[in-house]
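Quick notes on the structure that follows.
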Amino acid sequence: MSANHDIVSNQGETLNLHILYTDSDDSGIDLTSYVAEMNVRRSVSSSNKLLHLYSGTTVGITAGLTGHGDTGGMTGGIFLNRNVGNSGSQTGGILIIAGSTASSIVPDGIHFYDLELKYTPTGATTRLLDGRFEHSKEVTK
Numbered sequence: 048m049s050a051n052h053d054i055v056s057n058q059g060e061t062l063n064l065h066i067l068y069t070d071s072d073d074s075g076i077d078l079t080s081y082v083a084e085m086n087v088r089r090s091v092s093s094s095n096k097l098l099h100l101y102s103g104t105t106v107g108i109t110a111g112l113t114g115h116g117d118t119g120g121m122t123g124g125i126f127l128n129r130n131v132g133n134s135g136s137q138t139g140g141i142l143i144i145a146g147s148t149a150s151s152i153v154p155d156g157i158h159f160y161d162l163e164l165k166y167t168p169t170g171a172t173t174r175l176l177d178g179r180f181e182h183s184k185e186v187t188k
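Those letters in the sequence shown? Residues 48 to 188, per the numbering used here, in order.
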């Protein structure tokens, strides 16, 4: 069962979110054999991704309105086994970064997201987090 966590972000501002995935003894779980994916959508039933972040052999990010992705100048992605400052490793650390270009494309409003981990040897998928993604409109552009 996933944990519910609402994210509040600002248009045109870099989003940095760090999560520590632990076992029942609060020890970090090694994420070497995992990939992660996070999607932000206007509603849980929408087919259009406002923001798509992922890890794996290619770490990346896409953003777009009405399903048209734009990757020009965007930085970010999901980094596994990383510490909060992205300067070193941390077993179980999940660092999610959406750069300012990507966040400026996401429209203001209340959207929805989820974050999933996939264990690559078996394909087993676990939804870790889900909730509201509240995005505030940028005035200075």
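Ideal placement from N, C-alpha and C gives every residue a C-beta, glycine not left out.
Owing to the predicted nature of the structure, the values given are computational and were not obtained by experimental measurement.
According to the DSSP secondary-structure assignment, Ala-50 is paired through a beta bridge with Leu-176. Residue range 147-152 is occupied by the alpha helix (DSSP H) that includes Ser-150. Note that the C-beta distance between Glu-84 and Ser-150 is not below 8 Å.
In the displayed model, Thr-61 falls within coil according to three-state DSSP, outside both helix and strand. Beyond the five residues adjoining it in sequence on each side, Ile-66 comes within less than 6 Å, by CB distance, of Ile-141 in the same chain, given in chain order. With a beta-carbon spacing of about 6 Å, Tyr-81 and Tyr-166 fall inside the 8 Å limit used to define contacts. Excluding sequence positions up to five before and after His-99, its CB lies within less than 6 Å of the CB of Asn-86 and Thr-109, all in the same chain and listed in chain order. Secondary structure at Glu-181: strand, using DSSP grouped into helix, strand and coil. Counting every other CB atom within 10 Å of its CB across the protein chains shown gives Arg-129 a total of 16 or more, marking it as buried. Measuring C-alpha to C-alpha distances from Leu-162 to each of Thr-169, Ser-92 and Leu-176 identifies Leu-176 as the nearest. Annotation: the continuous beta strand (DSSP E) that includes Ile-125 extends over 123-129. Collapsing the DSSP output to three states places Arg-88 in a strand. If you draw a straight line from the Cα of Ser-90 to the Cα of His-158, it comes to about 6 Å.
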